[in-house]
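Asker: Heads up, the sequence shown is in this note's numbering, so the first residue is 59 and it goes up one at a time.
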Amino acid sequence: MKRVHVAAAVIRGLDGRVLIARRPDDKHQGGLWEFPGGKVEEGEAVQVALARELKEELGIDVEKARPLIRVQHDYSDKLVLLDVWEVCAFSGAPHGAEGQPLAWVAPRDLADYEFPAANEPIVQAARLPDRYLITPDGLETPQLVQGVRAAVASGIRLIQLRAPNMYSPEYRDLAVDVQGLCAGKAQLMLKGPLEWLGDFPAAGWHLTSEQLRKYAPNGRPFPRERLLAASCHNAEELELAARMGVDFVTLSPVQPTESHPGEPALGWDAAAELIERFNQPVFLLGGVGPRDVERARNVGAQGVAGIRAFWPKTEG
Numbered sequence: 059m060k061r062v063h064v065a066a067a068v069i070r071g072l073d074g075r076v077l078i079a080r081r082p083d084d085k086h087q088g089g090l091w092e093f094p095g096g097k098v099e100e101g102e103a104v105q106v107a108l109a110r111e112l113k114e115e116l117g118i119d120v121e122k123a124r125p126l127i128r129v130q131h132d133y134s135d136k137l138v139l140l141d142v143w144e145v146c147a148f149s150g151a152p153h154g155a156e157g158q159p160l161a162w163v164a165p166r167d168l169a170d171y172e173f174p175a176a177n178e179p180i181v182q183a184a185r186l187p188d189r190y191l192i193t194p195d196g197l198e199t200p201q202l203v204q205g206v207r208a209a210v211a212s213g214i215r216l217i218q219l220r221a222p223n224m225y226s227p228e229y230r231d232l233a234v235d236v237q238g239l240c241a242g243k244a245q246l247m248l249k250g251p252l253e254w255l256g257d258f259p260a261a262g263w264h265l266t267s268e269q270l271r272k273y274a275p276n277g278r279p280f281p282r283e284r285l286l287a288a289s290c291h292n293a294e295e296l297e298l299a300a301r302m303g304v305d306f307v308t309l310s311p312v313q314p315t316e317s318h319p320g321e322p323a324l325g326w327d328a329a330a331e332l333i334e335r336f337n338q339p340v341f342l343l344g345g346v347g348p349r350d351v352e353r354a355r356n357v358g359a360q361g362v363a364g365i366r367a368f369w370p371k372t373e374g
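#1: Please determine, among 84, 332, 188, 77, the residue with the shortest C-alpha to C-alpha distance to residue 147.
#2: May I have a chain-ordered list of the beta strand (DSSP E) segments no shorter than 3 residues that lie completely inside the segment 189–246?
#3: Look at the Cβ atom of residue 345, then the Cβ atom of residue 354, and state whether they are nearer than 8 Å.
#4: I'd like the list of long-range same chain contacts for residue 112, defined as Cβ closer than 7 Å, with 5 residues on each side in sequence excluded.
#5: Decide if the segment 251–266 is in contact with the segment 232–241; the criterion is three or more beta carbon pairs, one per stretch, under 8 Å apart.
#6: Return the chain-ordered ranges of every alpha helix (DSSP H) run that is complete within the segment 303–359 and spans a minimum of 4 residues.
#7: On the three-state DSSP scale, how would you describe residue 118?
#8: When the Cα of residue 280 is compared with those of 253, 73, 177, 104, which residue comes out closest?
#9: For residue 150, count neighbouring C-beta atoms within 10 Å of its own C-beta (all shown protein chains included) and say buried if the count is 16 or more, exposed if not.
#10: Starting from residue 175 and walking both ways along the alpha helix (DSSP H), at which residues does that stretch end?
#11: Have a look at 75, 322, 135 and flag the residue whose alpha-carbon is nearest the alpha-carbon of residue 86.
#12: Rounded to whole angstroms, what's the CA-CA distance from residue 347 to residue 158? Just pull it up for me.
#13: Within the 8 Å Cβ cut-off, does residue 323 reach chain B?
#14: Where residue 116 and residue 65 are concerned, what is the direct C-alpha to C-alpha distance, given to the nearest angstrom?
#15: Could you tell me whether the segment 292–301 touches the segment 331–340, where touching means 3 or more Cβ pairs closer than 8 Å?
#16: Between the C-alpha atoms of residue 127 and residue 145, what's the straight-line distance to the nearest angstrom?
#17: In the DSSP assignment, find the unbroken beta strand (DSSP E) run with residue 149 in it and report its ends.
#18: Quick one: any contact between the segment 313–333 and the segment 280–289, if contact means 3 or more CB pairs under 8 Å?
#19: Tell me the DSSP bridge mates of residue 75?
#20: Determine the extent of the beta strand (DSSP E) in which residue 286 is found, giving its start and end residues.
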């Protein structure tokens, strides 16, 4: 089977919007939208190929780029590896140098455009931040609300409301308050029985590994308009998550943690190997924090997830 290595770019403007281009009607997957880029020549470095393609296609010079996600997709007639980089700074005014229509799109609106199937994980990666806050255990409701408010104000855009020690009615009431704090500013991910889904239409859902094992055989439990995530710890769970069609996962523990002393850690090398075989965005969790974001990106992850590492210091 023919193998094709492609360098692609998620190009962000100063306002956070993402640049996409429409494929010519007479090409493979013609008429669909795509992230700019092109083939990596034999022996060519990915970054060199990316810079060359963006200069030819858009007339821009890449000034700053970092790894975002690698996606392997089987089109039956060829196997494509999409090596995707996030371009955060460039010079020049982007234009369709080959006559292709362009569009600057807010990340949340990318789902409204039709992309080739191989691009679906890239759409998710482009919409997600590189930090995922998980709320800590053992806090009373006022402390949790205060902390979430401070986190949103500080720029955290993805928050999981995790409160395993609360009774269900208490958690549901808290979720209502936190959903209001996040509205229009951050994506809230809830945990709990899937029977609650209808009560929180604006929230995504983060499945435990137990829920993943239980529900994966039946496929995705709700439409793609809502984010679905899962907690994974090994290759088997990642395979289940892929089969279920989740939008992203946490993979843990990367390093030893105080909360789970003695629990075997994956280590960075094993985490990188697992990510290599998984096509969706991955947040690394366990013994990592803000200082590890760049290292996580370099091993193929979306970023890092953390509890205390991202929890803001508040009064009281």
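Ideal Cβ placement from N, Cα and C applies to all residues, glycine included.
Answerer: This is what the structure holds:
#1: As a working note, residue 147 is residue 89 in the sequence shown. Checked all of 84, 332, 188, 77; the closest Cα to residue 147 is 77.
#2: 189–192, 216–219
#3: Here residue 345 is taken as the residue at index 287 of the sequence shown, counted from 1. Here residue 354 is taken as the residue at index 296 of the sequence shown, counted from 1. Result no, Cβ atoms of residue 345 and residue 354 do not sit closer than 8 Å.
#4: Position 54 of the sequence shown, counting from 1, holds the residue named residue 112. Counting only Cβ-Cβ distances below 7 Å, and skipping sequence neighbours, we find 67, 94, 118, 120.
#5: yes
#6: 326–334, 351–356
#7: Start at 1 with the first residue of the sequence shown, and residue 118 comes out as number 60. Reduced to three states, the DSSP call for residue 118 is coil.
#8: Locating residue 280 in the sequence shown gives position 222, counting from the first residue. Minimum Cα distance to residue 280 is reached at 253.
#9: In the sequence shown, counting from the first residue as 1, residue 150 sits at position 92. Exposed.
#10: By 1-based counting over the sequence shown, the position of residue 175 is 117. Segment: none, residue 175 is in no alpha helix (DSSP H) and carries neither H nor E.
#11: Taking the first residue of the sequence shown as position 1, residue 86 is located at position 28. Among 75, 322, 135, the Cα nearest to that of residue 86 is on 135.
#12: Taking the first residue of the sequence shown as position 1, residue 347 is located at position 289. Taking the first residue of the sequence shown as position 1, residue 158 is located at position 100. Taking the straight line from one Cα to the other gives about 41 Å.
#13: Of the chains in the structure shown, none is chain B; there is only one protein chain.
#14: Here residue 116 refers to the residue found at position 58 of the sequence shown. Here residue 65 refers to the residue found at position 7 of the sequence shown. The alpha-carbon atoms of residue 116 and residue 65 are separated by roughly 14 Å.
#15: yes
#16: As a working mapping, residue 127 is identified with position 69 in the sequence shown. As a working mapping, residue 145 is identified with position 87 in the sequence shown. Straight-line Cα distance between these residues: approximately 13 Å.
#17: For the purposes of this step, residue 149 is taken as the residue at position 91 of the sequence shown. Looking at the DSSP string, the run of the beta strand (DSSP E) that includes residue 149 is 136–149.
#18: no
#19: What you label residue 75 is simply residue 17 of the sequence shown in a count that begins at 1. DSSP lists no partner for residue 75.
#20: In the sequence shown, residue 286 corresponds to position 228, counting from 1. Its beta strand (DSSP E) spans residues 286–290.
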